[in-house]
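Read in order, the letters of the sequence shown are residues 62 to 149 in the numbering used here. Quick reminder that beta carbons are idealized off the backbone N, C-alpha and C, glycines included. A quick note: this is a predicted structure, and the numbers were derived from the prediction, not measured.
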Amino acid sequence: LGIRGWLEAKHPWFYLSEELGAMCAKIVGAEPAEVVATGTTTVNIHSLVNTFYQPNGRRRKILADELNFPSDIYALKSIMKLRALSPG
């Protein structure tokens with residue numbers, strides 16, 4: 062099945078978050094189309110930045126203000142540490 066599982070499986074993986082959300086809708090008093098299951102903001106930030114952050118020469122900084130959730134800052138700092146960069 063491999064990569065085809067995302068769209069060609071009997072229950073395509075691409076839509077699982079919507080299907081799970083629809084199953085949970087009644088619990089939160091919503092319509093099935095109004096709920097989707099996803100990762101937390103912090104986990105998503107970590108995944109996106111870790112995937113797309115490509116430090117290059119002087120362009121190595123990640124800017125974040127103090128209004129961010131502490132866990133979001135922690136995720137950013139952990140990425141810097143994993144790449145042996147100083148979070149400054």
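Quick check: the region 105-124 against the region 71-91, are there 3 or more CB pairs under 8 Å?
-> Contact fails: fewer than three Cβ-Cβ distances are below 8 Å.
Considering P131, what are the terminal residues of the alpha helix (DSSP H) in which it resides?
-> Counting along the chain, the alpha helix (DSSP H) containing P131 begins and ends at 131-143.
Indicate the three-state DSSP secondary structure (helix, strand or coil) for R65 in the structure shown.
-> helix
Look at the alpha carbon of V96 and the alpha carbon of I64, and state the distance between them as a whole number of angstroms.
-> 26 Å
Other residues of its chain near G82: CB distance less than 6 Å, five sequence neighbours each side excluded | V96, V97, A98
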